[in-house]
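Enquirer: One point on numbering: in my numbering, the residue at position 157 of the sequence shown is 138, and numbering is uninterrupted.
We treat Cβ as the ideally placed atom computed from N, Cα and C, and that holds for glycine.
All figures in this text were calculated on a predicted structure; none of them were measured in a lab.
My questions will all concern the structure given below.
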Amino acid sequence: MYTLNNSIRDYAWGSKTLIADFLGRPPSGAPEAEMWIGAHPGAPSEALLDSGHRRLDKLIGADPEALLGPDSHAAFGSTLPFLMKVLAAESALSLQVHPTREQAASGFAAEDALGVPKDAQTRNYKDRNHKPEMILALTDFEALCGFRSATDTKAIFDALVTFFRETGAEIPKVLQQASSTLSGADEPSAIRQTFTGLIRGGDEVSCTVDAVAALLGSTIPEGPYTAALKTALELSEAYPGDPGVLISLMLNRVSLRPNDAMYLPAGNIHAYLHGLGIEVMASSDNVLRGGLTAKHIDIEELLRTVNFMPLPVPRLAATSPAEGHLIWQPPFDEFQLQRIELEPGAPSMELPAGLPVLVLVASGSGLLDTRLQALELEKGDSAFAGANESPITLRAGSTEPLVAFVATTGLQEAIPR
-18 MYTLNNSIRD
-8 YAWGSKTLIA
2 DFLGRPPSGA
12 PEAEMWIGAH
22 PGAPSEALLD
32 SGHRRLDKLI
42 GADPEALLGP
52 DSHAAFGSTL
62 PFLMKVLAAE
72 SALSLQVHPT
82 REQAASGFAA
92 EDALGVPKDA
102 QTRNYKDRNH
112 KPEMILALTD
122 FEALCGFRSA
132 TDTKAIFDAL
142 VTFFRETGAE
152 IPKVLQQASS
162 TLSGADEPSA
172 IRQTFTGLIR
182 GGDEVSCTVD
192 AVAALLGSTI
202 PEGPYTAALK
212 TALELSEAYP
222 GDPGVLISLM
232 LNRVSLRPND
242 AMYLPAGNIH
252 AYLHGLGIEV
262 MASSDNVLRG
272 GLTAKHIDIE
282 ELLRTVNFMP
292 LPVPRLAATS
302 PAEGHLIWQP
312 PFDEFQLQRI
322 ELEPGAPSME
332 LPAGLPVLVL
342 VASGSGLLDT
352 RLQALELEKG
362 DSAFAGANES
372 PITLRAGSTE
382 PLVAFVATTG
392 LQEAIPR
């Protein structure tokens, strides 16, 4: 087992306080958007050894079958198949979508063949892997996720047209065209055409975004879509003229409460808006952006990747095999997330056997224990334990309850003992 040092990503949308508060340390004064816990080569954790530090990806690569276990090694190869993050959004992330494994592999190979540097701003595929993910809210957490029905989106655009008419302002043709397109009989096709028209719309769409922002800036009509319109206004203030402002009205507006979770399969266009959460995903950094960003947008590749079928929000309910033990298992084999809460003096809990695990302490303190080694972990500490160290147990310290998050593969579920 190894205690970890983890990288903090300082993206501009990050909070200046949420990650610091979670870790129990003073704020740095800079935005802190994500803390990566894992072995992705883009920002691998460092394992603390008696002899110094070693990158976790290099450590695993030296003996993958032992540290990952035969099941994970056979299923996913010689790399840790999951990545855990603490994500803290002060403002909206870009609209984005992640590819399937097949799209990622072919896209990566194509960009390599063209000689596109892996760190190029215009590169779409940083690795060969897909990137399904889940987010578990630690605070109230706001997001956009997947397409509304065409009927609902048409109702929002029609409401804006009515609002323009009632105020005597000129009605933007973009809104009328979108409403007309959304009346099409083939719902996914109608949504695709509307989305394509907005993201390719150029100056006319930008002017419409500004006109909508000016209209909503005076007053926002009350009704079933008030939250969506407020979000559009907020996004327009951060990204004036960005087509993503109007695209946001096409997406489900999601509010998560602490311990609520949702998962995001390939093709699901989404954006996190605000809040603190634990994110777990397949170990990849492949992102195709669709607005609300100054970064590169490859429209053609985006359109090949997005799933335009309107679907319910993919909320993810936890199972609870024992008191204080919650498991979120999305429909992906690469990862699952567990939350373990133990009182001082309570029996220890055995972690998944024969699989690699990442452990992150959210509050209190605890002892991570094997037959040969024990690690004391405090609030904000994290650790990696290899599959070859089973059985691994976790127990609370002597003075206060322990809350810890455990990420592992989805190949089996832990049985509390």
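Could you tell me whether the Cβ atoms of L(-1) and A73 are closer together than 9 Å?
Expert: No, these two residues do not count as a Cβ contact at 9 Å.
Enquirer: Please go through the same chain and pick out, in chain order, the residues whose beta-carbon is closer than 7 Å to the beta-carbon of D191, but skip the five residues on each side of it.
Expert: Only P221, G222 meet the Cβ criterion.
Enquirer: Within 9 Å of any Cβ in chain D, is that where the Cβ of A252 sits?
Expert: This model lacks chain D altogether, as it is built from one protein chain only.
Enquirer: If you follow the beta strand (DSSP E) that I180 is in, where does it begin and where does it stop?
Expert: Here I180 belongs to no beta strand (DSSP E); instead the alpha helix (DSSP H) covers 168 to 180.
Enquirer: If you check the beta carbons only, do S161 and A131 fall under 9 Å apart?
Expert: No.
Enquirer: State buried or exposed for L125, treating a residue as buried only when at least 16 other CB atoms are found within 10 Å of its CB.
Expert: It counts as buried.
Enquirer: Using only the alpha-carbon positions, how far apart do S371 and W(-6) sit?
Expert: Near 39 Å, if we compare the C-alpha coordinates of W(-6) and S371.
Enquirer: Terminal residues of the continuous beta strand (DSSP E) containing G347?
Expert: G347 -> beta strand (DSSP E) spans 347 to 350.
Enquirer: Does the count of Cβ pairs from the region 231 to 243 and the region 113 to 123 closer than 8 Å reach three?
Expert: Yes: the two stretches touch, three or more of their Cβ pairs being nearer than 8 Å.
Enquirer: Kindly indicate the opening and closing residues of the alpha helix (DSSP H) around E15.
Expert: Not the alpha helix (DSSP H): E15 falls in the beta strand (DSSP E), residues 15 to 18.
Enquirer: Can you tell me where the alpha helix (DSSP H) holding H54 begins and where it ends?
Expert: Counting along the chain, the alpha helix (DSSP H) containing H54 begins and ends at 45 to 57.
Enquirer: Kindly give me the distance between the Cβ atoms of S229 and A213, rounded to whole angstroms, as I take these residues to be in contact under 8 Å.
Expert: S229 to A213, Cβ: 5 Å. Contact.
Enquirer: Please tell me whether V97 and L283 are closer than 9 Å, where the distance is taken between their beta carbons.
Expert: Not closer than 9 Å, so no.
Enquirer: For T374 and F63, I'd like the C-alpha separation in whole angstroms.
Expert: T374 and F63: Cα-Cα distance of roughly 21 Å.
Enquirer: Using the Cβ count rule (16 or more neighbours within 10 Å means buried), how would you classify E46?
Expert: With fewer than 16 other Cβ atoms within 10 Å, it is exposed.
Enquirer: Based on DSSP bridge pairs, tell me the residues matched to M115.
Expert: According to DSSP, which records beta bridges pairwise, M115 is partnered with Y244, V261.
Enquirer: For the beta strand (DSSP E) holding F365, just list the boundary residues, first then last.
Expert: Segment 363 to 366, the beta strand (DSSP E) holding F365.
Enquirer: Hey, quick one: how far does the alpha helix (DSSP H) through T389 stretch, first residue to last?
Expert: Element bounds for T389: not the alpha helix (DSSP H) but the beta strand (DSSP E), 383 to 389.
Enquirer: Under 9 Å, do R173 and V294 count as touching if we go by C-beta distance?
Expert: No, they are not a contact pair.
Enquirer: Taking only runs of the beta strand (DSSP E) that begin and end inside the region 298 to 326, which ones reach a length of at least 3 residues, in chain order?
Expert: Entirely contained in the region 298 to 326, the beta strand (DSSP E) runs reaching 3 residues are, in chain order, 300 to 303, 306 to 309, 317 to 323.
Enquirer: Where L40 and A171 are concerned, what is the direct C-alpha to C-alpha distance, given to the nearest angstrom?
Expert: Going by the C-alpha atoms only, they are around 50 Å apart.
Enquirer: Determine the closest residue to G33 out of M65, L323, Y(-17), with distance taken between C-alpha atoms.
Expert: Residue Y(-17) is the option with its Cα nearest to G33.
Enquirer: Please determine, among E83, G50, A136, F176, the residue with the shortest C-alpha to C-alpha distance to E281.
Expert: Here the closest residue by C-alpha is F176.
Enquirer: Looking only at its chain, what residues have a beta carbon closer than 6 Å to the beta carbon of D108, apart from the 5 residues adjacent to it on each side?
Expert: If we look at D108 and ignore the five residues flanking it on each side, its Cβ neighbours are S265.
Enquirer: So, with DSSP's three-state summary, where would you put I152?
Expert: Coil.
Enquirer: Would L339 and F365 be called neighbours here (beta carbons separated by less than 9 Å)?
Expert: Cβ atoms of L339 and F365: closer than 9 Å.
Enquirer: Quick one: grab the DSSP three-state call for Q442.
Expert: Residue 442 lies beyond the stretch modelled for the chain, which goes from -18 to 398, so this question has no answer here.
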